[in-house]
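Numbering (the numbering used here), first residue to last: 514 to 798.
For each residue, glycine too, the CB sits at the ideal point set by N, CA and C.
Computed from a predicted model, the values in this text were never measured in an experiment.
All remarks here apply to the structure that follows.
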Amino acid sequence: MRTVYVNGEYLPETEARISIFDRGFLMADGVYEVTSVLDGKLIDFDGHAVRLSRSLNELEMKNPISKEDLLEVHRELVRLNEIDEGLVYLQITRGSDGDRDFAFPAPETEPTIVLFTQNKPGLADSPAAKKGAKVISIEDIRWGRRDIKTVQLLYPSMGKMMAKKAGCDDAWMVEDGFVTEGTSNNAYIVKGNKIITRALSNEILHGITRAAVLRFAREAQMEVEERNFTIDEAKQADEAFTTSASAFVMPVVEIDGVALGDGTPGRVAPRLREIYLDEMRKAAV
Ligand code: PDD
């Protein structure tokens with residue numbers, strides 16, 4: 514049984530308790546982070562902690578924990594649950610003052626903080642990454658502040674199910690003809706030696722993996738273009754891929770039934786995956 518962390522306590526998962534009035538539960542009034550673990554160490558903890566602060570600030574939510582203590586809780590859960598490869602999930606909600614109300618609760622209301630681990634042996638050496646993912650495109654009907662990592666994940670979950678029903682792995686969301694991002698990852702295409710991905714704005718999540726991968730790509734003298742691309746341009750690309758903390762760099766081999774290149778992962782995405790894993794393992798804490 515897992516040990517989880519709830520509001521200052523380490524508990525067996527079956528003993529963890531949250532109020533039914535918690536605003537995370539009633540209103541999706543909460544933010545989250547997912548940090549991967551390789552060799553029992555945290556990948557890019559700093560990046561996730563910085564984005565967490567930003568998400569909380571944007572929603573005028575209190576941060577109940579310092580960065581140092583947050584790192585300690587992450588490490589302790591990894592240790593207690595003997596995670597070699599996997600994820601640490603963190604969620605902070607606006608808590609509850611014991612009733613349901615659209616207005617935010619009194620400012621002294623304590624936020625709720627929950628962390629748990631997910632054991633994922635083989636996360637780095639993933640068969641799925643060798644095969645590549647097939648994606649469908651769907652309309653992006655999410656709200657306008659996708660830069661805030663909120664727990665409002667119903668539409669992305671529905672998108673994932675639409676993909677599964679179509680025999681695919683994931684969905685890319687499209688707004689005004691342009692790809693925004695994947696259901697739980699940032700989206701890229703490759704044309705020649707150029708990596709193309711949407712620029713940062715309120716329309717997409719500012720991926721922590723994205724920042725690192727683009728830095729490594731530039732260091733490896735690859736050309737990076739941050740601009741909008743259409744789903745049609747994507748279908749004509751040489752390669753495509755996604756990035757996320759839970760899947761690192763994932764090649765995309767098919768979009769809406771159209772195979773990219775020869776329908777295998779290609780050259781750029783697997784290379785970026787390798788560089789990312791090598792460099793991030795070295796910097797893990
Ligand atoms: N998802 N875009 C969306 C909509 C996401 O949900 C995520 C992450 C990303 C990639 O961000 P990062 O590189 O910081 O993980 C982009 C996480 C992994 C999840 O919901 O499980």
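Please report the straight-line C-alpha distance between residue i and residue j, rounded to a whole angstrom.
i	j	result
residue 575	residue 586	18 Å
residue 661	residue 724	16 Å
residue 566	residue 594	26 Å
residue 640	residue 784	16 Å
residue 650	residue 522	42 Å
residue 564	residue 796	18 Å
residue 570	residue 775	45 Å
residue 554	residue 780	28 Å
Can you round the beta-carbon distance between residue i and residue j to whole angstroms, since I take them to be within the 8 Å contact cut?
i	j	result
residue 624	residue 605	5 Å
residue 787	residue 773	Not quite, the Cβ-Cβ distance comes to about 19 Å (not below 8 Å), so this is no contact.
residue 736	residue 708	7 Å
residue 600	residue 549	6 Å
residue 696	residue 672	4 Å
residue 609	residue 530	That pair is no contact at about 12 Å.
residue 764	residue 645	4 Å
Return helix, strand or coil for residue i, following the three-state DSSP convention.
i	result
residue 557	coil
residue 779	coil
residue 696	coil
residue 593	helix
residue 800	Since the first residue shown for the chain is 514 and the last is 798, residue 800 is missing from the structure and cannot be characterised.
residue 732	helix
residue 683	strand
residue 576	coil
residue 516	strand
residue 618	coil
Go through its chain and collect everything with a Cβ distance to residue i's Cβ below 6 Å, but skip five positions before and after it.
i	result
residue 691	741 and 743
residue 722	756, 757 and 758
Within a Cβ cutoff of 7 Å, which residues of the same chain sit near residue i, ignoring the five residues on either side of it in sequence?
i	result
residue 712	739 and 740
Once you ignore the five residues that flank residue i on each side, which residues in its own chain have a CB closer than 8 Å to its CB?
i	result
residue 652	686, 687 and 688
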